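Take the sequence shown: its position 490, counted from the start at 1, is 632 in this note's numbering, and no numbers get skipped. For every residue, glycine included, the Cβ atom is placed at its ideal position computed from N, Cα and C. Just so we're clear, the structure is a prediction, and the values are computed from it rather than from any experiment.
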Amino acid sequence: MKSPASGFTKTSRCKSNNASKTETQDPNRQSHDLMNTSTLQDLCKAIGGRLKTDAPAPYGQPLGSVATDSRCVNPGDIFWALRGLNHDGNDFVVEAFERGAAGAITSEPVEPPVGRWAIEASDTQIALWNWARHKRLRFTGTLIAVTGSVGKTTTRQMIHTVLRRRLKGTASLRNHNNHIGVPLSMLAIEPDHDYAVLELGASGPGEIAALAGLCAPKVGVITHVGDAHLGGFGSRRGVAEAKAELLASLPPDGQAVLVDDPWIRRIASRCRTPIVWVGRGADCDVSAEEVAGVGGRLAFRVDGCPFEIPVWGRHHLNGALSAIAIGRMLGLDLPEMAASLSEFSPVPMRCEVVQMRGATVINDAYNANPASMRAALELVRDFDAPGRRIVVCGDMAELGDESSCCHFRLGGEVVTVCGADLLIACGRFARNVVDGARSAGMPNTRTIPCNTPEDALPFLGQAILPGDVVLVKGSRSMNMERVVEAFRAYPRRRSA
C-alpha cells in the first residue's frame, strides 16, 4: 500500500489523521481566508486543461485553499497533484476527494465524485506556475523578493512584521523558496493587498532568474553572498552571479535593498534601479549605531530612534535594517517600525534558545553553511554562561569539492572563534571538523566524531552539566533537531 503523497520535501507533512480541522497543517498549503476573489472560471482560463464535472460546470464557484499533501486536505480545498522524487500526487486524488476536496488538478484522467470537479493538465507544475502568474497579474501592490546565502527567512519575516502593522499583505510560507514553494506562496496574494514578501532560493545558476521572472518583484533584497550551495555554483563568485540575477530582474522604477558586503558591492553595478545600502558603515543609507546584543535582545539606534528586537545574535542586524529600509519606502516611520520589531517572533530552529536540564541549548538546526556556522559560533562566544561552551554540529551540505576544506575550516573556527570546550561533530565530514579543531589546539579528548546525530546523544547526554551552553546546528538534511528533541528526554547524568 502506498503512503500518502507528501509533496516534494521531507518537511511536507501534516499532523496525524486524527487531528481536528483547525489543527490540520500542510507546510505546502496556502490559505486564501483573507479574501478569495478567484473562481473556477479564472482557474480554467489561467491553466487551460480539460475540466470534468457534472453539468452545468460551477464556473462561478469561489476557490478554496490549495493543498499538495492528500493527508492535509480540508473540505473545500483544491488538491494539486504534483509529481515529486518519491511520490506522484496523481496516486492520491481519490483520497483527496474522500477528505472533502472540492476539486483537483491532475495530469492523469480522473472521474471526480458527484458535485466535484477535476482539471486535467499536461503538466501540473507548469499549471501551478500559470496560476501563480495569474495571481501576480491581478496584484498592483509592492512585491518584495528576498535572496541571499544566509538570513533570507528571518529577513523576510522581519519585513513582514514591520509592514503588517499598518498595511495588508502576505509573506512566503515557512522557507518556501524554490520552484514549488514560490508559486504556492504567490497563491495567497490578493488584489487588495498592499505588499507581498517572497523568499527566493537557488542551488544552481538561472534558478533565481526564473523565480524572479515568475513573481516580478518591484523591490529586491540581497542579504549576503557566501559559501552556500558551492556544489551547484562552483565558487563564491558563482554564488554572487546567481544573486545578481535578482538585480537584473528589477524594473527601472523598482528599488534594491543591499547589505553592505564586499561581494554584494561587486555585483551592484548590475542593478538598473536605485539602491538603498544597509549596514554599519557611515556611507550606508540605513545604518545602525550603539549596537548591542544582551540577554536575547538585539538593541541599536537608527537616526537616533531606539530599536530592541527579541532575537539572539548580532547577525540579525542586517535583516532588521533591511526591513526598516523597506518600511521607509512604504511610508512607515521609525517609531512604529521599532514598535513592530519589538514584537518580532523568531523563526523556529533559527538561533532558538531553550533551557533544558539547567543548560542553555541554542537550537539553530534548520540549516547551515560556512557563514551561518560562523555567526552561530560568534553567538556562543558572546554568550554569558557560567559553564562550558559545547558545539554539536552536523554536515554543511552542497559544498561540492570544497566540502572537506570547509569542514576542516569550521573545526578550526570552533576553537578560534568560539573557544569551545567540547566538540561533537556528526555526519560524513565529522572527521574533517574534528581534525580542524585538533589542528587549532583542541585536545583529542574534547573532540568526538560521530556518524549520525543519534550517535552523538550518549556523549552529549553524559557530558552536559547545568550552566553549559550548547549549540546544535547542521544542514537541513542532517535533521539536527533530533538531538535537541532526544536530549530533552534523555536520562539525566548521574551525580558522582
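Counting C-beta neighbours from all protein chains within 10 Å, is the total for Gly-423 16 or more, i.e. buried, or is it exposed? exposed
Which one or two residues does DSSP pair with Leu-440 in a beta bridge? Gly-435 and Ile-451.
Pull up the DSSP beta-bridge partners for Pro-591, would you. DSSP, once it has assigned bridges, lists Ala-567 as partnering Pro-591.
Beta-ladder partner(s) of Gly-311, from DSSP: Tyr-337
Of all the options Ala-199, Gly-218 and Ser-212, which has the alpha carbon lying nearest to the alpha carbon of Leu-205? Among Ala-199, Gly-218 and Ser-212, the Cα nearest to that of Leu-205 belongs to Gly-218.
With 16 other CB atoms within 10 Å as the buried threshold, where does Cys-447 fall? exposed
When you compare the CB positions of Gly-191 and Ala-263, do they come within less than 8 Å of one another, or not? yes
Is the beta carbon of Val-399 closer than 8 Å to that of Val-361? yes
Can you tell me whether Glu-165 is buried or exposed, with buried defined as 16 or more other CB within 10 angstroms of its CB? Because Glu-165 sits at a pLDDT of 34, beneath the cut-off of 50, its placement in the model cannot be relied upon, and the following sentence gives the value as read from the coordinates. Exposed: under 16 other Cβ atoms inside 10 Å.
Let me know the secondary structure DSSP gives Gln-397 once reduced to three states. strand
Among Arg-378, Leu-440, Arg-278 and Asn-216, which residue has its Cα nearest to the Cα of Asp-524? The shortest C-alpha to C-alpha distance from Asp-524 to any of Arg-378, Leu-440, Arg-278 and Asn-216 is the one to Leu-440.
Taking the C-alpha atoms as reference points, what is the distance between Ser-148 and Ser-212? In this prediction, Ser-148 scores a pLDDT of 31, lower than 50, which makes its location untrustworthy; the coordinate-derived value is nonetheless stated afterwards. Taking the straight line joining both Cα atoms gives about 7 Å.
Count the other C-beta atoms from every protein chain shown that fall within 10 angstroms of the C-beta of Lys-385, then say buried if there are 16 or more, exposed otherwise. buried
Spatial neighbours of His-335 within its chain, please: C-beta separation below 7 Å, excluding the five flanking residues on both sides. Phe-281, Gly-283, Lys-310, Gly-311 and Thr-312
Buried versus exposed call for Pro-608 [16 or more other C-beta atoms within 10 Å across all chains shown]: exposed
Are there 16 or more other CB atoms within 10 angstroms of the CB of Asn-159, so buried, or fewer, so exposed? Note that Asn-159 has pLDDT 32, beneath the 50 cutoff, so the model's placement of it is unreliable and no number is given.
What three-state label does DSSP hand Gly-423 in the structure shown? Looking at Gly-423 - three-state DSSP - the assignment turns out to be coil, as it is neither helix nor strand.
DSSP bridge partner residues for Asp-230 (one or two, in chain order): DSSP, once it has assigned bridges, lists Arg-225 as partnering Asp-230.
For the candidate residues Ile-532, Ala-199 and Tyr-508, whose alpha-carbon lies nearest to that of Pro-488? Tyr-508
Rounded to the nearest angstrom, how far is the Cβ of Ala-338 from that of Leu-388, given a contact under 8 Å? Rounded, the Cβ-Cβ distance is 15 Å, inconsistent with contact.
Are there 16 or more other CB atoms within 10 angstroms of the CB of Gly-561, so buried, or fewer, so exposed? exposed
Among Ile-247, Glu-332 and Pro-251, whose alpha-carbon lies nearest the alpha-carbon of Glu-268? It is Ile, not Glu, that sits at residue 268 in the sequence shown. Of the listed residues, the one whose Cα sits closest to Ile-268 is Ile-247.
Beta strand (DSSP E) containing Thr-195: first to last residue? 192-195
Close beta carbons around Lys-163, own chain, < 7 Å, minus the five adjacent residues each side: With a pLDDT of 33 at Lys-163, under the threshold of 50, the modelled position of that residue is not reliable, and no figure is offered here.
Only counting the same chain, and skipping five residues up and downstream in sequence, which positions put a Cβ closer than 6 Å to that of Pro-595? For Pro-595, the CB contacts under 6 Å within the same chain, skipping 5 residues up- and downstream, are Cys-568, Met-622, Arg-624 and Val-625 in chain order.
Let me know if Asp-369 comes out buried or exposed under the rule of 16 or more other beta-carbons within 10 Å of its beta-carbon. buried
Look at the alpha carbon of Thr-297 and the alpha carbon of Ile-466, and state the distance between them as a whole number of angstroms. In a straight line, the C-alpha of Thr-297 is about 10 Å away from that of Ile-466.
So, are the CB atoms of Cys-548 and Lys-615 less than 8 Å apart? no
Determine, using beta carbons only, whether Thr-557 and Ala-579 come nearer to each other than 8 Å. At residue 557 the sequence reads Val, which differs from the Thr that was named. Yes, the Cβ-Cβ distance between Val-557 and Ala-579 is below 8 Å.
Spatial neighbours of Leu-176 within its chain, please: C-beta separation below 7 Å, excluding the five flanking residues on both sides. With a pLDDT of only 35 at Leu-176, under 50, the local geometry of the prediction cannot be trusted, and the value read off the model is given with reservation. Counting only Cβ-Cβ distances below 7 Å, and skipping sequence neighbours, we find Glu-332.
Give the DSSP bridge partners of Cys-505, in chain order. With the sequence shown as reference, residue 505 is identified as Asn, and Cys is not the correct amino acid for it. Asn-505 is bridged to Glu-494 and Val-614.
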